[in-house]
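*Asks:* Residue -17 is where the sequence shown starts when you use our numbering, and the numbers rise one by one after that. Heads up, the beta-carbon is just placed ideally off N, CA and C, and yes, glycines get one too.
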Amino acid sequence: METDTWNNFWTAIVGFSSLLTSIIAIRIANRANKQVENQIEINNKQFLFKNRFEILKSCHTLIYSFAHYQIEIDKDKKENETKYGSLLLENNKLAKLTDNEVIGIKNDMLNSIEEKNTNKRLEKTFRIPENLSAELSFVYENDKIGLLQIFLCNYTHFLLQVSFYKTNTSLKNIDKIENQDYKKLYESWEKVQEAGIITLLEKDTKIFYKI
């Protein structure tokens, strides 16, 4: 009888020890899982923050580039009292839109537009603003980026229209580019400035990144 009592006692001790070990192991595993989940969340935030930062940086560059282009156009128009049309197509002014770290097309490379470039390189680079517009949808809420997306699409459209004009010598009328494409680009740039879109998105990015 006494032997059975000791056996039961040690069995209970062993069972309790096993249960305690299991509980400790589960807690350690849960803690490890939480740490992994936290690290994944941090990594995801860092990845998204980096994407947001790079896209905003590119958008800011294009907004700044158009501002300089528009200033040059207005300055020459005022001094020479000429129509916008001829000024819009001058390569040294177009370079204000394209000679930046986003598009990367310099003045001398713009001359290849008139040579009917067949390798589509210029067209591909001119579509970079439009591609940025699409990328914005993946990293920001749609209701905050509409005006900026319109500006970026107009930026691409204007460059493509200029390219089309320069590669078609039979096309004599520049009124469409002057009165429609440039006007749309200017108005969309103005709306982005007035709404302070870039500043708002920068604030959202900083708030989002708080861990």
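1. Looking only at its own chain, which residues have a Cβ that is under 8 Å from the Cβ of Cys135, when we skip the five neighbours before and after it?
2. With distances taken between CB atoms, is the gap from Tyr51 to Leu71 smaller than 7 Å?
3. By DSSP, does Gly128 sit in helix, in strand, or in coil?
4. Take Ile180 and list the residues in its own chain whose beta-carbon comes closer than 6 Å to its own, dropping the five residues that flank it on each side.
5. Looking at Ser170 and Phe196, is the spacing between their C-beta atoms short of 7 Å?
6. What first and last residue would you give for the alpha helix (DSSP H) that runs through Asp90?
7. Anyone know if the C-beta pair for Val84 and Leu130 falls short of 7 Å?
8. By how many angstroms is the C-alpha of Tyr137 removed from the C-alpha of Lys59?
9. Work out the CA separation of Arg9 and Ile45 for me, nearest whole Å.
10. Taking 7 Å as the limit between beta carbons, can you name the residues of its chain near Asn74, skipping five residues before and five after?
11. CB-CB under 8 Å to Gln143, same chain, minus the five flanking residues each way: which ones, in chain order?
12. If you check the beta carbons only, do Ile127 and Thr107 fall under 7 Å apart?
13. From what residue to what residue does the alpha helix (DSSP H) around Gln162 run?
14. Let's see if you can read the secondary structure: which residues bound the alpha helix (DSSP H) around Leu118?
15. What residues in its chain sit with their C-beta under 7 Å from that of Ile95, if we drop five residues either side in the sequence?
16. With 16 as the cutoff for other CB atoms within 10 Å, does Ala77 come out buried or exposed?
*Replies:* Taking the structure as given:
1. Pro111, Glu112 and Ser115
2. no
3. helix
4. His42
5. No information on residue 196 is available, as it lies outside the stretch -17 to 193 that the chain covers here.
6. Asn89 to Leu92
7. no
8. 21 Å
9. 53 Å
10. Asn89
11. Lys158, Ile159 and Asp163
12. no
13. It is not in any alpha helix (DSSP H) - Gln162 carries neither H nor E in the DSSP assignment.
14. Ile110 to Val121
15. Leu104, Ser145, Lys148 and Thr149
16. buried
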